[in-house]
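Student: No gaps in the numbering here: position 54 of the sequence shown is 85 in this note's numbering, and each next residue is one more. Quick one: structure below, then a few questions.
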Amino acid sequence: MIHAKFTKKGDLITAFEMYGHAGYADSGFDIVCAAVSVLAINTVNSLEQLVKIEPLVVEDPTEGGFLRLEVGTKDLDKPGVQILLAALELGISDLVKQAEYQKYISLD
């Protein structure tokens, strides 16, 4: 199961963490894993390349299945940051609401 968690300070999303493997299908055919990966990686890339911030990103390069992103305090209210993080949270939340995927992903 993939576990997703968003950390907030008041109304601001300060970080997110995702870990685990969906187990929906074999590697290369797992649409839950693919959906979560696209959402998360696109958020990281968009924050770095479009918003031009350098968040702290930690991942497991050997095993995969772990990604944590933390936005620095000075960047939390920079235009675009909260929209992108909220869009990620919305995408993950929508996956969790799908009955077919509920045993493969959780949102804490």
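Glycine included, C-beta positions come from ideal geometry on N, C-alpha and C.
Could you give the residue range of the beta strand (DSSP E) that holds Glu131?
Tutor: Segment: none, Glu131 is in no beta strand (DSSP E) and carries neither H nor E.
Student: What would DSSP say about Thr93, mapped onto helix, strand or coil?
Tutor: Coil, per DSSP.
Student: Can you tell me whether DSSP reads Ala46 as helix, strand or coil?
Tutor: Three-state DSSP puts Ala46 in a strand.
Student: Determine the direct distance from the alpha carbon of Leu126 to that of Ser89, and round the result to whole angstroms.
Tutor: Checking the sequence, you will find Val at residue 89 rather than Ser. When rounded, the distance between both Cα atoms is 23 Å.
Student: Ordered along the chain, which non-local residues of its own chain (more than five positions away) have a Cβ less than 6 Å from that of Arg162?
Tutor: What the structure shows of the chain is the stretch from 32 to 139, and residue 162 is not part of that stretch, so it cannot be assessed.
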